[in-house]
Amino acid sequence: MATETGTESATATAIALVIENDPTDDARRLGEWLTEAGLELRVLRPYAGDTLPEDLTGYDALVVLGGYQQPYPAPDGTPGAPWFPALEGLLRKAVRYRVPTLAICLGAQLLATAHAGTVQRSEAGPEVGPTVVGKRDAADGDPLFKYVPMIPDVLQWHVDEITELPHGATLLAASTRYPHQAFRLGDRAWGLQFHIECDTDMIADWARDSAVLAELDYDPELVVAACAEVLPDVEEVWQPFAARFAALAQGQLPDPEPRRTLPLLGH
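Residue numbers are given in the UniProt record's numbering: position 144 of the sequence shown equals residue 144, and the series is strictly consecutive.
This is how it looks when you write it as structure tokens:
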């Protein structure tokens with residue numbers, strides 16, 4: 001059984017705790033990819049009353065999905081959702097105890113805020129639909145990102161953005177309007193501002209009566225069609241990425257080599 005120290009059983013199936021923050025954004029295709037790669041998923045839905053655990057004992061990975069909520073408190077200090085303080089606590093423990101973590105969109109923003117990063121309503125406006133992001137140089141040494149193409153296809157649907165990464169975070173992908181598209185904290189926690197889990201039905205649900213699309217004056221049918229067109233390209237890149245994450249959770253992906261540093265004087 002996995003513990004917070006990151007040890008894994010040689011025989012037991014690796015278990016990923018999946019936090020679903022919104023009924024319209026479940027694990028969908030990402031869940032299928034992780035399951036196919038050998039992970040067992042335990043899904044908690046705090047919006048439906050599920051209680052988050054105090055720690056990650058018994059889990060080999062943590063996946064935090066997106067949602068409509070703001071990751072930052074309201075002016076009166078009320079959190080974006082009642083369970084966000086507990087979820088941020090789990091994200092801090094995941095990084096501290098090196099539990100492989102994948103956080104998507106709102107999840108990535110919460111990973112940032114949990115570690116003193118900054119998230120706010122984007123001054124660049126909403127980002128919706130199929131786009132590309134560009135890998136940064138640091139991605140070449142990342143165990144998950146080093147095999148991702150230089151300019152991968154992604155799906156976007158967000159109005160908030162990470163304006164300041166946590167101290168010590170490694171930027172892995174960026175775009176012109178939104179510079180913090182993907183990052184890593186420590187050596188086992190990844191945040192993705194974009195979506196990789198969506199299928200056409202999920203996008204169609206988001207597009208229905210969408211205030212964001214109305215603000216942008218986008219035709220919902222055209223947005224859904226454009227997203228559907230790039231889904232095969234998204235799968236081509238991000239299914240192997242998900243499989244590498246699953247391999248890491250199962251102890252099948254070697255840890256990155258330690259960074260070489262010059263010896264201290266006198267040692």
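For each residue, glycine too, the CB sits at the ideal point set by N, CA and C.
The structure presented is a predicted model; accordingly, all values stated were derived computationally and were not measured.
Taking Cys227 as the reference, give the member of Gly89, Asp201 and Gln109 with the closest Cα. Out of Gly89, Asp201 and Gln109, Asp201 has the C-alpha closest to the C-alpha of Cys227.
Distance check for Gly80 and Ala74, CA to CA, integer angstroms please. 7 Å
Beta-carbon proximity list for Arg45, same chain, < 8 Å, skipping 5 on both sides: Glu20 and Pro23
Run through DSSP, which three-state label would Pro258 get? In this predicted model, Pro258 has a pLDDT of only 46, less than 50, meaning its place in the structure is not dependable enough to derive any value.
For Trp83, the three-state DSSP class (helix, strand or coil): Three-state result, Trp83: coil.
Report all residues from its chain with a CB closer than 6 Å to the CB of Ala37; omit the five preceding and five following residues, and keep chain order. Ala243 and Ala246
Integer-rounded CB distance, given that Ile15 should sit under 8 Å from Asp50: Contact doesn't hold; Cβ gap of about 16 Å is too wide.
Boundaries of the alpha helix (DSSP H) in which Ile203 is found, first to last residue: Thr200 to Ala207
Pick from Asp160, Glu127, Thr101 and Gln69 that is closest to Asp25, judged by C-alpha positions: For the options Asp160, Glu127, Thr101 and Gln69, the alpha carbon positioned closest to that of Asp25 is the one of Gln69.
Unbroken alpha helix (DSSP H) run spanning Arg29, endpoints: Arg28 to Glu36
According to DSSP, is Gln120 part of a helix, a strand, or is it coil? strand
What number of angstroms, rounded off, separates the C-alpha of Asp55 from the C-alpha of Leu172? 27 Å
Own chain residues within Cβ distance below 7 Å of Ala94, not counting five before or after: Leu56, Leu62, Thr101 and Ala189
Nearest CA to the CA of Arg184: which residue from Gly77, Ala225, Asp142 and Glu215? Asp142
Indicate whether Ile151 and Leu30 have their beta-carbon atoms separated by less than 8 Å. no
Is there contact between the region 212-219 and the region 80-91, where contact requires at least three CB pairs shorter than 8 Å? no
Environment of Thr78 [buried if 16+ CB atoms lie within 10 Å]: exposed
What are the start and end residues of the beta strand (DSSP E) that includes Arg42? First-last of the beta strand (DSSP E) with Arg42: Glu40 to Leu44.
Helix, strand or coil at Val223 [DSSP, three-state]: helix
Please tell me whether Glu161 and Gly117 are closer than 8 Å, where the distance is taken between their beta carbons. Their beta carbons are not under 8 Å apart, which means Glu161 does not touch Gly117 by this criterion.
State the Cα-Cα distance for the pair Glu127 and Trp238, rounded to the nearest angstrom. Whole-angstrom Cα-Cα distance: 20 Å.
Distance between Glu235 and Leu34 (C-alpha atoms, nearest Å): 13 Å
Nearest to Phe84 by CA position, among Val154, Ala225 and Pro71, is which residue? Pro71
Close-in-space but distant-in-sequence residues of the same chain around Val159 (CB under 7 Å, 5 per side omitted): Arg121, Ser122, Pro126 and Val212
Return helix, strand or coil for Gln156, following the three-state DSSP convention. strand
In angstroms, rounded to a whole number, what distance separates the CA positions of Gly129 and Val223? 6 Å
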